[in-house]
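The UniProt record's numbering numbers the first residue of the sequence shown as 1 and each following residue consecutively. Before any comments, here is the structure.
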Amino acid sequence: MSRMPSAHIPVGAKSSSPTAPGSDHVLFITRESDCTSLRSEEACAWPSNPDHDLVSPLESTPPSPSVLEIATLRSKHSMAWDDPPKSSAPWNDTEAGEMGDLGRATPSKDDSQHHSIPIATGSVPNSSRPEGHFVDEPCRMDGDDILYKRFSRPPIYCDSRNDVHRKKHNWLSMSILALSIYSTGLSCLWFIVAIVQPRWGPQISSSGGILPSTASLVCAMFAKTIEISFVTVFVTFIGQVLTRRAFVKRSKGMTLAEMTMRNWVIQPGFLITHSETLPYAGMTVLGVVSLVATIASTFYTTASDALVAPKLKFGGWESKTLSGYVLASYANPPFARESCQTPLRDNDPAGIDTAGRACLEVQYAGQSYRNLMSFMGDWDAINRNGTSATVDISHRPVGTALLYDNTTLTSAWIEVGFSNTIKNFEDHSRIINNVTLAMPHPSVYDAATNPVNKILQPNDLSGVGEYAIKASVVSPALNVMCVNMSPDELAPLVYTEWPMGKLNSNGTLVPGQRIGPLDWEQHVPGLSKTEWLNRTLVDNVFRWGEQYNRRPPVFQLYPADFNMVTNTTAANDAIYILTKSASITNYTLCEMRSWVSPLCSTHFNISGTAGAHMYAHCDDPEDKDSYNHVHPEVTFSVPVVDWKNIADQWRLSMDINGGAQNNNASNARILTQFVLGEPQLNPLLPSMAEALAVYASSTLIIGGHGTPFEHYWRHEKTQLGAPGALDTFRASIRTQEYTSGHVAEWQKVFYLVLVLVVVINVVCLAYFLARSGLVTDFTEPQNLFALAVNSPPSEQLKGSCGGGPVKRDLVVPWRVAYASGANHYFFEEASDRPWRGKYAGQDLLSTDTAYRGRQRSSYDRLSMSVSWMPQAWQASLSKLR
Numbered sequence: 001m002s003r004m005p006s007a008h009i010p011v012g013a014k015s016s017s018p019t020a021p022g023s024d025h026v027l028f029i030t031r032e033s034d035c036t037s038l039r040s041e042e043a044c045a046w047p048s049n050p051d052h053d054l055v056s057p058l059e060s061t062p063p064s065p066s067v068l069e070i071a072t073l074r075s076k077h078s079m080a081w082d083d084p085p086k087s088s089a090p091w092n093d094t095e096a097g098e099m100g101d102l103g104r105a106t107p108s109k110d111d112s113q114h115h116s117i118p119i120a121t122g123s124v125p126n127s128s129r130p131e132g133h134f135v136d137e138p139c140r141m142d143g144d145d146i147l148y149k150r151f152s153r154p155p156i157y158c159d160s161r162n163d164v165h166r167k168k169h170n171w172l173s174m175s176i177l178a179l180s181i182y183s184t185g186l187s188c189l190w191f192i193v194a195i196v197q198p199r200w201g202p203q204i205s206s207s208g209g210i211l212p213s214t215a216s217l218v219c220a221m222f223a224k225t226i227e228i229s230f231v232t233v234f235v236t237f238i239g240q241v242l243t244r245r246a247f248v249k250r251s252k253g254m255t256l257a258e259m260t261m262r263n264w265v266i267q268p269g270f271l272i273t274h275s276e277t278l279p280y281a282g283m284t285v286l287g288v289v290s291l292v293a294t295i296a297s298t299f300y301t302t303a304s305d306a307l308v309a310p311k312l313k314f315g316g317w318e319s320k321t322l323s324g325y326v327l328a329s330y331a332n333p334p335f336a337r338e339s340c341q342t343p344l345r346d347n348d349p350a351g352i353d354t355a356g357r358a359c360l361e362v363q364y365a366g367q368s369y370r371n372l373m374s375f376m377g378d379w380d381a382i383n384r385n386g387t388s389a390t391v392d393i394s395h396r397p398v399g400t401a402l403l404y405d406n407t408t409l410t411s412a413w414i415e416v417g418f419s420n421t422i423k424n425f426e427d428h429s430r431i432i433n434n435v436t437l438a439m440p441h442p443s444v445y446d447a448a449t450n451p452v453n454k455i456l457q458p459n460d461l462s463g464v465g466e467y468a469i470k471a472s473v474v475s476p477a478l479n480v481m482c483v484n485m486s487p488d489e490l491a492p493l494v495y496t497e498w499p500m501g502k503l504n505s506n507g508t509l510v511p512g513q514r515i516g517p518l519d520w521e522q523h524v525p526g527l528s529k530t531e532w533l534n535r536t537l538v539d540n541v542f543r544w545g546e547q548y549n550r551r552p553p554v555f556q557l558y559p560a561d562f563n564m565v566t567n568t569t570a571a572n573d574a575i576y577i578l579t580k581s582a583s584i585t586n587y588t589l590c591e592m593r594s595w596v597s598p599l600c601s602t603h604f605n606i607s608g609t610a611g612a613h614m615y616a617h618c619d620d621p622e623d624k625d626s627y628n629h630v631h632p633e634v635t636f637s638v639p640v641v642d643w644k645n646i647a648d649q650w651r652l653s654m655d656i657n658g659g660a661q662n663n664n665a666s667n668a669r670i671l672t673q674f675v676l677g678e679p680q681l682n683p684l685l686p687s688m689a690e691a692l693a694v695y696a697s698s699t700l701i702i703g704g705h706g707t708p709f710e711h712y713w714r715h716e717k718t719q720l721g722a723p724g725a726l727d728t729f730r731a732s733i734r735t736q737e738y739t740s741g742h743v744a745e746w747q748k749v750f751y752l753v754l755v756l757v758v759v760i761n762v763v764c765l766a767y768f769l770a771r772s773g774l775v776t777d778f779t780e781p782q783n784l785f786a787l788a789v790n791s792p793p794s795e796q797l798k799g800s801c802g803g804g805p806v807k808r809d810l811v812v813p814w815r816v817a818y819a820s821g822a823n824h825y826f827f828e829e830a831s832d833r834p835w836r837g838k839y840a841g842q843d844l845l846s847t848d849t850a851y852r853g854r855q856r857s858s859y860d861r862l863s864m865s866v867s868w869m870p871q872a873w874q875a876s877l878s879k880l881r
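Below is the structure:
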């Protein structure tokens, strides 16, 4: 087949002058030739005309010999679709043109004057096939026929149905504006909430208001709507900015790289899969804003979850006034008996008081033994591994107790200045073991859980909440002072050693031990203003005598080894325990007294996962919550006389006076072995005073429950009816509530995301309010496609029709032009070269770097295949056919 020489004319080149729609140089392709297919072995001959040259509109060099050369006339003038017509006269439109079928278009009267050049085909058409129909089997040249038929004339059939501008009252403009207002308003609210970090209190809880899970779901839902509306608004903003710029005739237009910026926001992964667009569009102001918007929209839901979604969070310490019910004075024995829970209160033959007393003694025994065993367990661990080396009482183990079987109470050693055994030995020349144990006020628990204080409990916070209280209240305290005394020093206090004392004729089983009669207490002188009983060498130590207005105790006998005897008849504020240790020859006399100490504050921590814990924080001059800091007028404590009656029931519950019968009780055996033999605390064992204080600490809890938070009783009656009187106290409280805000410092980085969304939303809203409406967004795929297929071809994108635009193609500037005569919009080059960048100096791609397309296109394979069927299956299916 002979080949004709061809020359290259760029289609749509800007060097060509505009041609009116009725120009005599418009080229039409007609079907006058009988050649309709290239599958015939005979080639159609081209009409010989020496005045015309055959050129290819798309290639500057002839194709390979295997491909039929299809040529067009090289006109002295430009093509009709190079530029929009300058005349307002309508273009020639035919009936076929209105139908959109250019292959069957009939030339107008004016166009019939032109010489039509037939498209050469490779064979004579089959006479059996109707004219105008293609063969059933696809041919590779059928696409060429369609190409030249479609490009044979301008798209005068388009005639745009709608204007490119939509006014403000248009539904699309109003919906975009509404979305912009919604996104801006809600994003501002989200940012304010993240900054303020409000505590939602009972509004979000398990017991009332909104459930925590529901609150998180609602927050996530609104955050997602903000993200979606923000993306919609910003993508519209990009499209409006680029399209409006493309309408301006003297503007730089828009590039394909800039058109892809909308994809960054919609599909952030586009930046990875099409990263080649980033250097071209990302360096512009709009590109930078688009990148920022992409990052902001990608992480907005995460930022909302980190900074806005309600989550359990501790607040700061707040000073508040809390209230709690007060029912009786401290260490009130009748109230203690009535408070003991027993079903036999109305059934006991001896009456209510006896039933309450029995219940209370069992309660004393149970709590006391539990406290002592826990204390011994701590010391056992120390004794086994030898880790303790301290003799400072303030750093030695303390006692613990249980309240309501679910709250651990931890005591504290106070007034440690009087506990220095070495100094006491130097001052009094005898071993004095003096300790004071303070317990946290047990009524703080009741006040903290009282609904009147409106503190969210762990159960209100899905069972995982927490809070902490530092209460400025007094702490029940127990002082135990044990003094080692020789038998002679102790003789004035032992009834059997008195010269006028009577002895029991039966005696005891212990050799040498003498015992008084059963009514020996009747022979002890009664109370009087002049009777202070016998004087001893330890009167100043125990503060006995007329000057102290206190009488010493009297015991029935000297206890045997590992035994204890008690005295509670002394008309004072203490009970006394006389013990005998087998490791020393001396006896040990212990005095036990109680008061409410102003030196402490009660700290209460409760957690739905870790449980409740209350402890006494004492002797801290920096503690602003201590009772003496809030009430500086209270400088000392006065022992409570009523506590002796509480202690009397306590010692009866465990038969601490069993040494009078030499019963060799186990509790006495344990306690007597802790007696100090030297004027120094044992680093591996507790002292007698320490163990007794922990052992009797149950009296502080039972005697302090339901009692005042102050150091005095302000009511007329010593016992009030249920529920009691509401007394107030100062406290520092730190609660955990569902709060909007971050929980970790690194999460503050998400504030930037919220700020960026707010700023961009405000800018977009201002832009939409400043405009009179919207224009057709030609960056949207459907609008872009419609405009592109109805636009003239351009060599600026040469070689991009198969693999897509790359490199220089991405920075070619485009404008939206308008042909008023045809009422048609189309793309045109804003310049014959990019405005900036490394391609700014190149009119077209150089021949050595341009895509030549020498390889066979994949179009044939793709156009003949079933889209969902693999190619191997298709081959097998063809063989079967």
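Every residue, glycine too, gets a C-beta built ideally from N, C-alpha and C.
- Between P397 and M439, the C-beta gap is not smaller than 9 Å, which leaves the two residues out of contact.
- At a cut-off of 4 residues, the continuous stretches assigned as alpha helix (DSSP H) that sit fully inside the region 725-803 are 750-770, 781-789.
- Between E258 and T284, the CB-CB gap stays under 9 Å.
- Secondary structure note for A582: it is in no alpha helix (DSSP H), with a DSSP letter that is neither H nor E.
- The C-alpha of P805 lies about 17 Å from the C-alpha of W264.
- Leaving aside the five residues that flank A296 on each side, the residues in its chain whose CB is nearer than 6 Å to its CB run, in chain order, V753, L756, V757.
- Excluding the 5 residues flanking it on each side, Q556 has same chain C-beta neighbours closer than 6 Å at Y495, G516, W520, A660, in chain order.
- Assigned with DSSP and collapsed to three states, S462 falls in coil, not helix or strand.
- Between A786 and D159 a beta carbon distance of about 13 Å is seen, past the 8 Å cut, so the two are scored as non-contacting.
- In this structure, the beta-carbon distance from G658 to N563 falls below 9 Å.
- Contact between C764 and F234 holds: their C-beta atoms lie close to 6 Å from each other, under 8 Å.
- In this structure I204 is not in contact with P343, their Cβ atoms being roughly 41 Å apart against a cut-off of 8 Å.
- Secondary structure of T707 (DSSP, three-state): coil.
- Distances from the CA of V816 to each of F826, D380, L810 were compared; the closest alpha carbon is that of F826.
- Classified as buried, A668 has 16 or more neighbouring CB atoms from the shown chains inside 10 Å of its CB.
- Membership of H631 in any beta strand (DSSP E) is not indicated, and neither H nor E is assigned to it by DSSP.
- Here H523 carries a helix assignment [DSSP, helix/strand/coil].
- Setting aside the 5 residues that flank it on each side, A725 is surrounded in the same chain by V326, each with a C-beta closer than 6 Å to its C-beta; the list follows chain order.
- Ranking N664, L578, L456 by CA distance to the CA of R199 puts L456 first.
- When the alpha-carbon of N540 is set against those of T728, K624, T609, I432, the nearest one is in I432.
- Considering only Y404, A215, G773, the residue with the shortest C-alpha distance to N170 is G773.
- In the DSSP assignment, the residues bridged to W814 are M254, E829.
- Spatial neighbours of L769 in its own chain (CB-CB distance under 8 Å, excluding positions within 5 residues in sequence) are listed in chain order as L177.
- V435 places its beta carbon less than 9 Å from that of A693.
- Assignment of V510 by DSSP, reduced to helix, strand and coil, places it in the coil class.
- Listed as beta-bridge partners of K320 by DSSP are A731.
- With a cut-off of 8 Å on Cβ pairs, the region 732-747 is in contact with the region 301-321, counting three or more such pairs.
- For H428, the enclosing alpha helix (DSSP H) begins and ends at 421-428.
- Residue environment: F636 is assigned as exposed (fewer than 16 neighbouring CB atoms within 10 Å of its CB, all protein chains considered).
- Contact between the region 603-622 and the region 398-416 is present: 3 or more CB-CB pairs across the two stretches fall below 8 Å.
- A straight line joining the alpha-carbon of V596 with that of L372 spans about 22 Å.
- Annotation: P268 is outside any alpha helix (DSSP H) and is labelled neither H nor E by DSSP.
- The beta carbon of T602 sits closer than 7 Å to the beta carbons of P440, H441, V444, A471, V473, S475, M614, A616 from its chain, once the five residues preceding and following it are set aside; these are given in chain order.
- M481 is bridged by DSSP to N434, E591.
- Distances from the alpha-carbon of R161 to those of T776, V196, A582, E829 put T776 closest.
- Taking C-beta atoms as the reference points, S594 and L478 count as a pair closer than 9 Å.
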